[in-house]
Amino acid sequence: MRSVRSWLRLAALRRVPPLRPVTIAAVGPSRHKSDDISRLFVPVPIQPSQSDDINSVGSELAGKLVKPAVLRILNKFYQRPKIRRISLENGLDTYLFHQAYVSFRRYCVETAHLPPDLHIIFSDILRDAGHTDDLIPYFLRHARTIFPHLECMDDLKKISDLREPANWYPEARAINRRIVFHMGPTNSGKTFHALQRFMAARSGVYCGPLKLLAAEVFEKCNGQGTSCDLVTGEERRLGRPDGLASEHVACTVEMTSVKTPYEVAVIDEIQLLRDPQRGWAWTRALLGVAAEEVHLCGEPAALELIQEMALCCGEEVEVRRYKRLSPLVCEDTALESTQNVRPGDCIVCFSKNDIYQVSREIERLGHECAVIYGGLPPGAKLAQARRFNDPDDPCKILVATDAIGMGLNLSIRRIIFHSLMKPTINEKGEKEIDVISCSQARQIAGRAGRHGTQWEEGTVTTMKSHDLPTLQRLLEEEPPPLEAAGLQPTADQIELYAYHLPNATLSNLMDIFVNLSTVDDSLYFMCQTDSFKFLADMIQHVPLPLRVRYVFCCSPIDRKIPFICNMFLKFARQYSRNEPITVDWLCSHVGWPFTTPATILDLVHLEHVFDVLDLYLWLSYRFMDLFPAADEVREMQAELDATIQEGVANIVQLLKNTEAGGASSSAAARVDDEDRYTASRRQQAYLQNNDDSDESARLGKLSKRLLSQGLLTHKMMEELHQEWEKNRQKSSPSTGGRGEGKSRKRR
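If you use our numbering, the sequence shown corresponds to residues 1 to 747, in order.
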């Protein structure tokens with residue numbers, strides 16, 4: 001018996017991998033502590049086996065184990081300092097050691113038949129023929145099973161080593177690129193000069209921050225005889241009539257190709273390298289675009305960082321400085337009241353509520369105003385801009401958010417800051433409200449006065465007098481130099497992580513990658529991934545391949561809007577079932593056909609529907625087979641854009657209608673977005689098909705209000721009438737025709 005035991009123990013020890021020192025200390029001076037990183041690793045669950053003929057050999061050789069005695073051995077094992085020291089040498093810090101011990105204890109206590117080798121070890125310890133330390137190899141084997149990263153930590157660190165991102169782009173490194181930085185303030189002509197070189201080149205790519213800017217360059221190039229294609233996340237348009245690809249491309253910066261060779265590349269608003277969410281796209285374009293000449297347009301604050309990044313690529317930066325073409329003057333007095341607005345004024349607000357309030361006040365004073373904010377579709381923004389710019393249109397006042405900062409050509413005489421406080425997202429991903437930066441103040445104020453328009457000289461002021469000194473200080477300050485450019489993990493890097501950690505969720509993989517990543521802190525930072533992880537968690541239960549899941553989680557949606565998130569989840573579910581998302585399916589979920597909004601709530605919902613259609617188009621260019629209705633959806637968007645334009649043109653009336661709803665409006669707001677809109681659509685369809693005077697007369701004011709809010713349908717009304725009629729007849733069986741007449745009168 002002793003020889004059999006010895007043989008089994010020897011065989012078991014041979015199966016246990018040799019102890020290999022592994023550390024998970026944080027990398028880089030700004031990384032988290034080891035314990036914080038360790039908490040990101042979720043243990044792989046191991047279910048204790050209940051019956052196994054092979055494992056029952058241990059019981060036959062050494063007899064059954066008394067579980068309380070096993071538990072006492074494990075508790076003694078946990079308390080030994082030597083065990084903790086050896087565990088630390090093998091990558092198990094305090095947190096991981098405790099998690100591994102809890103799992104190991106549960107496995108040993110709850111398993112009906114332990115493996116023969118482990119069973120014999122416990123038996124020997126109980127008989128004083130072995131030592132508690134004999135459990136170390138088995139414990140480490142169990143720890144490596146539930147924490148696979150212990151075996152591949154070195155590989156994970158290599159994958160997330162982002163210290164030399166320039167080497168990710170061999171096509172660009174193979175070219176001796178010439179970099180030209182067109183540096184100057186707003187309305188200085190820097191982008192104009194870069195585009196002149198772009199259109200004169202035999203091939204080129206324009207990389208813009210917004211779809212509006214890319215579309216503007218697309219139209220300008222084709223209008224001046226340079227064939228140019230448009231490429232955005234949601235749209236592809238060819239410039240050549242023969243249907244062939246053009247040598248020039250205008251695209252949003254995220255869509256920049258780093259494989260296609262060009263003669264000239266123009267990267268606009270290069271200072272957005274610092275953007276905490278999208279900065280990675282400018283970094284990728286700057287380091288990766290394979291162009292002989294790379295023309296950058298942006299603020300002087302970006303110069304030093306760009307020079308350092310170019311130096312890492314073995315390139316030099318040629319600087320061209322520009323001055324503002326028209327003067328900009330900060331006024332000595334604040335506006336104080338909307339009664340003091342004049343033609344050509346633009347009041348800038350940083351919240352929709354302020355937009356609504358100011359628009360209402362201006363309309364009350366007898367002025368017509370245009371409204372522009374970030375949530376509007378591009379067509380609606382352009383329509384409002386044309387209305388404001390048209391000298392023959394009675395609309396002479398503009399109320400807008402900082403969405404006017406770029407992408408729109410506006411003839412503004414004076415910028416008026418309604419407030420200088422703006423909600424922002426800090427470096428930790430937390431929302432806070434703070435005074436706008438001097439860079440933001442200059443960008444917005446610079447929209448006043450534009451060379452070649454009726455307002456050659458621009459002025460800027462504030463609504464409130466106490467804000468004016470702050471604005472003056474912001475405009476006098478020089479924006480601080482950019483400190484770092486953004487980076488983001490690629491799909492290939494996350495796939496490599498998933499290969500080593502097959503049981504981790506996508507959100508967990510992203511967390512681990514970011515926390516283990518090594519970056520050159522003097523040049524780069526990791527962009528925020530909160531939106532990515534939010535979407536990853538939302539669709540974690542949906543069975544999707546990792547690459548598809550990654551693409552879905554890159555979707556450009558607002559995660560704060562329940563309706564949009566709900567539709568995103570439905571898209572993912574349809575895809576997982578391999579069911580095409582047809583135009584009929586989409587129409588049934590978004591409430592097509594669309595009608596002119598009657599309240600602000602209706603308008604906001606239509607804006608969300610437009611974003612859902614944008615999401616569909618974005619996915620259709622990545623998964624064409626299951627999102628086949630791109631053309632039809634684009635037609636729906638055009639119709640919806642026109643409907644939203646009608647609503648925005650009457651935004652003050654929508655505000656009045658919303659206020660007239662009183663308490664009912666707030667009650668409707670508590671109904672789920674999708675359910676409320678579905679009910680509203682049913683109600684509108686009914687009214688369109690049954691609009692007669694008798695029906696209208698039959699409904700009371702309360703009934704009409706409930707129907708208009710979508711809280712009550714016609715079917716529900718009929719059921720209530722029938723139920724009331726039955727109750728009336730039961731309570732007054734002998735009233736006859738006179739009772740009938742009274743009941744009609746009450747209705």
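Glycine residues also receive a C-beta, built at the ideal position from the N, C-alpha and C atoms.
6 angstroms CB neighbourhood of residue i in its chain, flanking five on each side removed
i      : result
ALA166 : LEU287, CYS312 and CYS313
VAL249 : VAL205, ASP229 and VAL231
LEU619 : PHE627
PRO17  : Only weak support exists for where PRO17 lies, its pLDDT of 43 falling under 50; the value from the coordinates is given anyway. Nothing listed; no residue qualifies.
LEU535 : CYS553
ASN389 : SER411
PRO489 : PHE513
ARG237 : LEU230
LEU118 : TYR138
Burial state of residue i, where buried means 16 or more other Cβ atoms lie within 10 Å
i      : result
MET463 : buried
GLN47  : exposed
LEU244 : exposed
ALA100 : buried
ASP128 : exposed
TYR575 : buried
HIS541 : exposed
PHE77  : buried
GLY647 : buried
ASN690 : Any reading at ASN690 must be qualified, since the residue scores a pLDDT of 41, below 50, and its modelled position is unreliable; the value itself is stated next. Looking at its Cβ environment, which holds fewer than 16 other Cβ atoms inside 10 Å, ASN690 is exposed.
HIS131 : exposed
MET624 : exposed
GLY751 : Not covered by the structure: residue 751. The range shown for the chain is 1 to 747.
VAL66  : exposed
GLU269 : buried
SER87  : buried
ASP641 : buried
ASN187 : buried
LEU296 : buried
GLN79  : exposed
GLN653 : exposed
Beta-carbon proximity of residue i to residue j, cut-off 8 angstroms
i      : j      : result
PRO479 : SER439 : yes
VAL583 : ALA629 : yes
TRP455 : GLY344 : yes
GLN493 : PHE513 : yes
GLY749 : THR596 : No answer is possible for residue 749: the residues shown for the chain start at 1 and end at 747.
VAL253 : PRO209 : yes
THR256 : ALA485 : no
LEU408 : ALA385 : yes
ASP611 : ILE651 : no
LEU156 : LEU487 : no
CYS395 : GLU368 : yes
PRO481 : GLU304 : yes
Same chain, Cβ closer than 8 angstroms to residue i, neighbours up to 5 away in sequence not counted
i      : result
GLU247 : ARG202, SER203, GLY204 and SER227
MET421 : PHE350, ILE433, ASP434, VAL435 and ILE436
THR459 : LEU328, VAL329, CYS330, GLU331, ARG413, ARG414, ILE415, ALA448 and GLY449
PRO43  : GLN99, ALA100, SER103, ILE146 and PHE147
LEU655 : TYR356, SER359, ARG360 and ILE600
DSSP state of residue i mapped onto helix, strand, coil
i      : result
LYS396 : strand
THR232 : coil
TYR373 : coil
MET237 : One detail in the question is off: residue 237 reads as Arg in this sequence, not Met. DSSP places ARG237 in strand when its eight states are reduced to three.
ILE412 : strand
ALA201 : coil
PRO29  : Low per-residue confidence applies at PRO29: pLDDT is 36, beneath 50, and the placement is therefore not dependable enough to give any value.
TYR262 : strand
GLY661 : coil
ASP128 : coil
ALA291 : strand
LYS464 : coil
PRO423 : strand
GLU368 : strand
THR459 : strand
Beta-carbon proximity list for residue i, same chain, < 7 angstroms, skipping 5 on both sides
i      : result
ARG105 : LEU74
ARG240 : SER227 and SER246
Contact with chain B by residue i, beta-carbon distance below 8 angstroms
i      : result
LEU471 : You won't find chain B in this structure, because it holds only one protein chain.
At a cut of 8 angstroms, does the stretch 314-325 reach the stretch 550-559 through at least three beta carbon pairs?
no
Is it the case that the stretch 155-165 contacts the stretch 497-506, given that we only count it when at least three CB pairs across the two stretches are under 8 angstroms?
yes
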